[in-house]
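Reading through the structure tokens given below for one structure.
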């Protein structure tokens, strides 16, 4: 089945540690996005990529990094510089100027 | 800064009633408008898209758009307990895709 796969579903980060969240899509979509959602809040854009090897910062990119080496994959690294990483992280993709469709999300917590 | 605002709720309606969810946006040039449903602990799911002024119906859902007033709404007819969720309004295109904070809807049996 076509879709967006995020892994892991739950992730725990220790102090000073970098962690990487995986997002893979087999929909052949050009654009991919990472959002952060805090409890009771809307979605805030972290990074987006419209083509391979190119990505742009969103509204809250500080403390995060991404890569887009393949069309199918857009991993997000939460670095130790992100002091408040506990949130629900959502990856989305779209073929173009179309509505975004989401993966199931990764819930990140601090140990 | 582009903004999308929604009534925070929670909005409670009895089963079988019409639920009305509202959204206003600040960017006058936006051309695309969406409603997503998000169940607790789950990811958002697209339920409606609307691009031109007027009403668009899909089953029990009707989206209404008024670009002059920068207003988009979602009506849910014959509300069911399974409609209890947070409804996110989203406006824009590509990287200029802005989400509202969501309205929590509770349908009471």
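Residue numbers (this note's numbering), protein chains in the order written: chain A, 6 to 116; chain B, 40 to 148. Quick reminder that beta carbons are idealized off the backbone N, C-alpha and C, glycines included. From a predicted model like this one, the values you see are computed outputs, not experimental measurements.
(message) Taking the straight line between their C-alpha atoms, what separation do you get for residue 139 of chain B and residue 22 of chain A?
(response) Working through the second chain from its first residue, we reach residue 139 of chain B at position 100. Working through the first chain from its first residue, we reach residue 22 of chain A at position 17. Straight-line Cα distance between these residues: approximately 32 Å.
(message) Going by C-alpha to C-alpha distance, which of B/68, B/101 and B/58 sits closest to residue 124 of chain B?
(response) Position 85 of the second chain, counted from the start, is the residue given in the question as residue 124 of chain B. Checking every option, the nearest Cα to that of residue 124 of chain B belongs to B/58.
(request) Identify which residue in A/65, A/74 and A/67 has its Cα closest to the Cα of residue 27 of chain A. (result) Mapped onto the first chain, residue 27 of chain A falls at position 22. Residue A/74 is the option with its Cα nearest to residue 27 of chain A.
(request) Spell out whether any CB of chain A is found under 9 Å from the CB atom of residue 100 of chain B. (result) The residue given as residue 100 of chain B occupies position 61 in the second chain. Taking Cβ atoms only, chain A never reaches closer than 9 Å to residue 100 of chain B, which makes this a no.
(message) Let me confirm a value: residue 67 of chain B is counted as buried when at least 16 other C-beta atoms fall within 10 Å, else exposed. Which label applies?
(response) Locating residue 67 of chain B in the second chain gives position 28, where the first residue counts as 1. Looking at its Cβ environment, which holds fewer than 16 other Cβ atoms inside 10 Å, residue 67 of chain B is exposed.
(message) So, at 6 Å on beta carbons, what are the nonlocal neighbours of residue 107 of chain A in its own chain, with the 5 sequence-adjacent residues on each side left out?
(response) Numbered from its first residue, the first chain carries residue 107 of chain A at position 102. Excluding sequence neighbours, residue 107 of chain A sits near 95 and 97.
(message) Measuring alpha carbon to alpha carbon, tell me which residue in B/53, B/76, B/103 and B/77 is nearest residue 89 of chain B.
(response) As a position in the second chain, residue 89 of chain B is number 50, starting the count at 1. When each option's Cα is compared against that of residue 89 of chain B, the closest is B/103.
(request) Spell out whether any CB of chain B is found under 9 Å from the CB atom of residue 104 of chain A. (result) Sequence index remark: in the first chain, residue 104 of chain A carries index 99 (1-based). Interface residue, yes.
(request) Could you check what DSSP says for residue 82 of chain B in three-state terms: helix, strand or coil? (result) Taking the first residue of the second chain as 1, we reach residue 82 of chain B at position 43. Here residue 82 of chain B sits in coil by DSSP.
(message) If you reduce the DSSP assignment to three classes, tell me which class residue 55 of chain A lands in.
(response) Along the first chain, one-based indexing puts residue 55 of chain A at 50. Correct three-state label for residue 55 of chain A: strand.
(request) Taking C-beta pairs closer than 8 Å, name the residues in chain B that residue 109 of chain A reaches, listed in chain order. (result) As a position in the first chain, residue 109 of chain A is number 104, starting the count at 1. Under the 8 Å cutoff, chain B gives 81 and 82.
(request) Whole angstroms is fine: what's the gap from residue 109 of chain B's alpha carbon to residue 29 of chain A's? (result) Counting from one through the second chain, the residue named residue 109 of chain B turns up at place 70. Counting from one through the first chain, the residue named residue 29 of chain A turns up at place 24. The alpha-carbon separation between residue 109 of chain B and residue 29 of chain A amounts to approximately 35 Å.
(message) In whole angstroms, give me the CA-to-CA distance for residue 87 of chain A and residue 110 of chain A.
(response) For this step, residue 87 of chain A is matched to residue 82 along the first chain. For this step, residue 110 of chain A is matched to residue 105 along the first chain. If I take the Cα positions, the gap works out to 19 Å.
(request) Under 8 Å by Cβ, that's how I've got residue 50 of chain A and residue 35 of chain A pegged, so tell me the actual separation to the nearest angstrom. (result) Locating residue 50 of chain A in the first chain gives position 45, where the first residue counts as 1. Locating residue 35 of chain A in the first chain gives position 30, where the first residue counts as 1. 17 Å between Cβ atoms; not a contact.
(message) What ranges does the beta strand (DSSP E) occupy inside the region 67-111 of chain B, keeping only unbroken runs of at least 3 residues that lie completely in it?
(response) 72-77, 84-89, 93-97 and 100-105
(message) So, with DSSP's three-state summary, where would you put residue 134 of chain B?
(response) On the second chain, residue 134 of chain B is found 95 positions in, with the first residue counted as 1. It is helical.
(message) Taking only three categories from DSSP, how would you classify residue 223 of chain B?
(response) The first residue shown for chain B is 40 and the last is 148, placing residue 223 of chain B beyond what the model contains.
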